[in-house]
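Take the sequence shown: its position 229, counted from the start at 1, is 228 in numbering that gives the first Met the number 0, and no numbers get skipped.
Structure first, commentary second.
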Amino acid sequence: MLVNQASIAKPFLQSPTQFLPSTLEEPIAKPLEEPDVRKGRKKPPRHPQSPPGPPPPPPHLTFDHFKLAETWPPTFCKDPANNCFHDWPTINRFIIHGLWPAKKGSDELKDCDKHYHAPSTEHLNGIHTKLTDYWPSLHKAQFQVQANINFWLYEWKEHGTCSVQLLNFHDYFNVAIKLYQKHKILDILKNAGIKPGGTYSPDEISDAISKHVQFTPQIQCKKIGEISYLSEVRLCFTASKDPQYINCDHHGSLFGHECDAEVHF
0 MLVNQASIAK PFLQSPTQFL PSTLEEPIAK PLEEPDVRKG RKKPPRHPQS PPGPPPPPPH
60 LTFDHFKLAE TWPPTFCKDP ANNCFHDWPT INRFIIHGLW PAKKGSDELK DCDKHYHAPS
120 TEHLNGIHTK LTDYWPSLHK AQFQVQANIN FWLYEWKEHG TCSVQLLNFH DYFNVAIKLY
180 QKHKILDILK NAGIKPGGTY SPDEISDAIS KHVQFTPQIQ CKKIGEISYL SEVRLCFTAS
240 KDPQYINCDH HGSLFGHECD AEVHF
């Protein structure tokens, strides 16, 4: 007997697309290490990129400390060899003479740039007022502003160029100002009973400063006639972009050769 194929009910077949994940679902993440069935071993994980190497070491410095020299104007102007600006003999505060790179056991480094070209003083615009107050020229001049600039450029050429491994033109003066502002030598001496117009031993002056800053300074004197006058105080600092106090070394003496047993202040 012939059977009508159309009359036989066909079984229900699910659509192939029902077994596919929805396009709205997140795909299943693969494990970090996928087995390699063909070789019977795991794929090696990816190695991260090597971190950058350490920065190159800083260049070898030709100096090992800074020396901040501060001048006492009344003594400077008392010296007949100095044609002093008329207002300075009556101003009672120490001022910056210079910031000098130096090596222990030797003199301060000088004139390191043999091909020197004066830099533009426009780089000092932001600190010009402080330089005028803290680091002025004491010599009498027709134009005091230009005299100050000439003095700063001289100190940069003579000493600052020896510090270029650490400090550029602007930073050199900015660091000097910051070190100067760490202390007020006149106030330190007054608080220790050492006042202008008196006579003291170099040890008394040095000890008063050393007790305050916790490090030994150098004392410089100027012999005018038969009298020894306090001329400068020099403080020493580490050779770095952020200098810290250190003891001044005993090269020669902590006291200048013109300091007598009694020093007039």
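Cβ atoms here follow ideal geometry from the backbone N, Cα and C, with glycine treated the same way.
As a quick exercise: from GLU154, VAL174, GLU69, pick the residue whose alpha carbon is nearest that of PHE184. Correcting the residue type first, residue 184 is Ile in the shown sequence and not Phe. Per the Cα distances, GLU69.
In three-state terms, what does DSSP make of HIS254? Reading off the sequence shown, one finds Phe at residue 254, where the question assumed His. Residue state, collapsed to three classes: strand.
Can you round the beta-carbon distance between PHE280 and TYR228 to whole angstroms, since I take them to be within the 8 Å contact cut? Look at the range of the chain in this structure, 0 to 264, and you will see that residue 280 is not part of it.
DSSP bridge partner residues for CYS235 (one or two, in chain order): LYS66, ILE245
In whole angstroms, what is the alpha-carbon distance linking LEU60 and LYS221? 32 Å
What does SER227 pair with, by DSSP beta-bridge criteria? LYS222
GLU25 classed as buried or exposed, judged by whether at least 16 other C-beta atoms fall within 10 angstroms: Bear in mind that a pLDDT of 44 at GLU25, under 50, signals an unreliable position, so the model cannot answer this.
From PRO73 to SER136, what distance separates their C-alpha atoms? 14 Å
Beta-carbon within less than 6 Å of LYS102's beta-carbon, same chain only, minus the 5 sequence neighbours each way: which residues are those? PHE62, ASP63
To which residues of the same chain is TRP260 closer than 7 Å at the C-beta, ignoring the five residues directly before and after it? According to the sequence displayed, residue 260 carries Ala and not Trp. Counting only Cβ-Cβ distances below 7 Å, and skipping sequence neighbours, we find SER200.
How do the segment 75–93 and the segment 245–254 stand: do at least 3 beta-carbon pairs fall below 8 Å, yes or no? no
Please determine if the segment 185–193 and the segment 126–140 are in contact, where contact requires at least 3 C-beta pairs separated by less than 8 Å. no
Going by other Cβ atoms of all chains shown within 10 Å of its Cβ, with 16 needed for buried, is LYS177 buried or exposed? exposed
Touching or not, the segment 112–120 and the segment 92–99, by the rule of three or more beta carbon pairs under 8 Å? no
GLN145 by DSSP, collapsed to three states: which one? helix
Find out if the Cβ-Cβ distance for the pair TRP71, GLU231 is shorter than 9 Å. yes
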